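Presented below is the structure to which this report refers.
Numbering (our numbering), first residue to last: 1 to 151.
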């Protein structure tokens with residue numbers, strides 16, 4: 001980012017009148033301009049969620065957009081055939097990355113896998129139950145369905 005040739009090329013794209021006005025600003029005003037420019041750039045970009053869905057391998061389950069990056073949960077492709085492995089959730093940190101040629105691409109960082117499981121737990125006391133349901137051996141309450149938990 002401190003490459004003089006790159007900085008000169010970037011500043012050549014800014015009209016001279018704008019550069020002159022920016023040169024007159026103090027630090028707090030420059031920070032305000034920077035914040036405005038960053039928001040303006042984001043408003044002109046294609047939403048990151050659209051790019052994620054378009055480029056993801058497998059099925060996108062959830063996208064948590066945090067502005068500068070996103071946390072993405074996917075079901076990866078099924079290694080044993082067509083479709084996806086719905087019992088596995090892969091976590092990724094995704095951000096835009098500017099390459100040397102100026103092109104911006106998504107950078108996917110794999111965070112890990114989580115097995116998607118359903119575990120029977122008591123609706124009253126929260127303790128684990130066997131898969132048969134029935135009544136809780138800990139508190140005696142009647143159970144009708146499993147409570148989803150991720151492990």
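Cβ atoms here follow ideal geometry from the backbone N, Cα and C, with glycine treated the same way. Given the structure is predicted, the values throughout are model-derived calculations rather than measurements.
Helix, strand or coil for residue 32, going by three-state DSSP, please let me know. helix
Buried versus exposed call for residue 41 [16 or more other C-beta atoms within 10 Å across all chains shown]: exposed
Considering only the alpha carbon of each residue, which of 44, 115, 108, 141 lies closest to residue 124? 141
Counterpart residues of residue 109 in DSSP-defined beta bridges: 93
Note down, in chain order, each residue of its chain lying with its Cβ closer than 6 Å to the Cβ of residue 51, except the 5 sequence neighbours on either side. 106
What span of residues does the alpha helix (DSSP H) with residue 57 cover, start to end? Residue 57 -> no alpha helix (DSSP H), and no H or E assigned at all.
Taking all protein chains shown into account, decide if residue 43 is buried (16 or more other Cβ within 10 angstroms of its Cβ) or exposed. exposed
So, at 6 Å on beta carbons, what are the nonlocal neighbours of residue 48 in its own chain, with the 5 sequence-adjacent residues on each side left out? 70
Identity of the residue in 72, 79, 30 nearest residue 110 by Cα: 72
Heavy atom of the ligand ZN less than 6 Å from the Cβ of residue 127, yes or no? The ligand ZN is not among the ligands present in this structure, which contains no ligands whatsoever.
DSSP state of residue 72 mapped onto helix, strand, coil: Three-state result, residue 72: strand.
Assigned exposure category for residue 139 - 16 Cβ within 10 Å defines buried: Classification for residue 139: exposed.
Is DSSP giving residue 151 helix, strand or coil here? The pLDDT assigned to residue 151 is 40, lower than 50, so where the model puts this residue is not dependable; a value taken from the coordinates is nonetheless given after this. Here residue 151 sits in coil by DSSP.
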